[in-house]
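Here is the structure we will look at, set down as structure tokens.
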Amino acid sequence: MRACVIYRSMPMASLKMAKIEDLFYLELTKSSSSTLRKVSFSVSLSYKPLTLGVGQTVKYDAVLTNDGNGYDDRTGVFTCPVAGTYRYMFVVDSLSTPDIILHLNVKKITVGRLHVSHLHKENTYVQISRTVIVKLKTGDQVKVVNGHKIRYMHHHMYSGFTGALLY
Numbered sequence: 001m002r003a004c005v006i007y008r009s010m011p012m013a014s015l016k017m018a019k020i021e022d023l024f025y026l027e028l029t030k031s032s033s034s035t036l037r038k039v040s041f042s043v044s045l046s047y048k049p050l051t052l053g054v055g056q057t058v059k060y061d062a063v064l065t066n067d068g069n070g071y072d073d074r075t076g077v078f079t080c081p082v083a084g085t086y087r088y089m090f091v092v093d094s095l096s097t098p099d100i101i102l103h104l105n106v107k108k109i110t111v112g113r114l115h116v117s118h119l120h121k122e123n124t125y126v127q128i129s130r131t132v133i134v135k136l137k138t139g140d141q142v143k144v145v146n147g148h149k150i151r152y153m154h155h156h157m158y159s160g161f162t163g164a165l166l167y
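Numbering-wise, the sequence shown is residues 1 to 167 according to UniProt numbering.
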């Protein structure tokens with residue numbers, strides 16, 4: 001089947017209908033793939049302080065954004081829905097006494113650490129952050145894990161975890 005553009009009864013262009021359908025398909029594919037590539041999340045601890053054991057995953061319960069539905073607030077784990085390069089940042093607000101050490105783990109491998117030291121002025125709150133950029137495959141899991149003894153993390157949205165697909 002052919003489509004014909006007519007201007008004053010004279011054909012100006014002729015396209016095969018299959019080619020037009022191909023163009024529409026390409027545009028739809030492009031649109032849906034760009035929608036799938038919108039992946040980001042921002043979570044924090046809401047209104048209850050968190051005390052962690054060694055190796056325990058931090059479960060951030062206040063979800064501000066979860067585009068792509070990669071973050072699970074029941075487990076504290078982000079599961080990568082789209083392969084690519086991601087930026088992650090995690091922030092802790094904690095008393096400086098005792099120490100707190102957090103690890104950012106990708107596929108059970110530590111790729112970033114935070115340490116709030118007891119060497120700061122005794123019993124003051126300290127807020128510290130770390131940013132990491134990593135390449136991930138679909139299904140890779142990212143989480144924040146306590147790397148030390150039982151520790152306390154401040155709540156009221158002072159401690160958080162964010163991630164976004166860059167490209």
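We treat Cβ as the ideally placed atom computed from N, Cα and C, and that holds for glycine. Every value quoted in this text rests on a predicted model; they were computed, and no experiment measured them.
With 16 as the cutoff for other CB atoms within 10 Å, does residue i come out buried or exposed?
i	result
residue 131	exposed
residue 58	buried
residue 167	exposed
residue 143	buried
residue 109	exposed
residue 88	buried
residue 159	buried
residue 165	buried
residue 54	exposed
residue 34	Here the model assigns residue 34 a pLDDT of 48, short of 50, so the residue's position is not dependable and the matter cannot be decided.
residue 163	buried
residue 44	buried
residue 64	exposed
residue 133	exposed
residue 103	buried
For residue i, tell me which candidate among the options has the shortest Cα-Cα distance.
i	options	result
residue 70	63, 76, 80	80
residue 86	64, 147, 37, 49	37
residue 137	115, 64, 107	107
residue 74	111, 99, 100, 61	61
residue 100	82, 141, 128	128
residue 52	92, 141, 112	92
residue 176	76, 40, 49, 67	Missing from the structure shown is residue 176; the chain here goes from 1 to 167 and no further.
residue 112	50, 161, 83	161
Got a sec, what are the start and stop residues for the beta strand (DSSP E) residue i sits in?
i	result
residue 162	160 to 165
residue 64	62 to 67
residue 77	77 to 79
residue 51	50 to 52
Give me the DSSP bridge partner(s) of residue i.
i	result
residue 42	65, 162
residue 130	90
residue 135	85
residue 71	78
Any Cβ of chain D within less than 9 angstroms of the Cβ of residue i?
i	result
residue 71	This model lacks chain D altogether; it includes just one protein chain.
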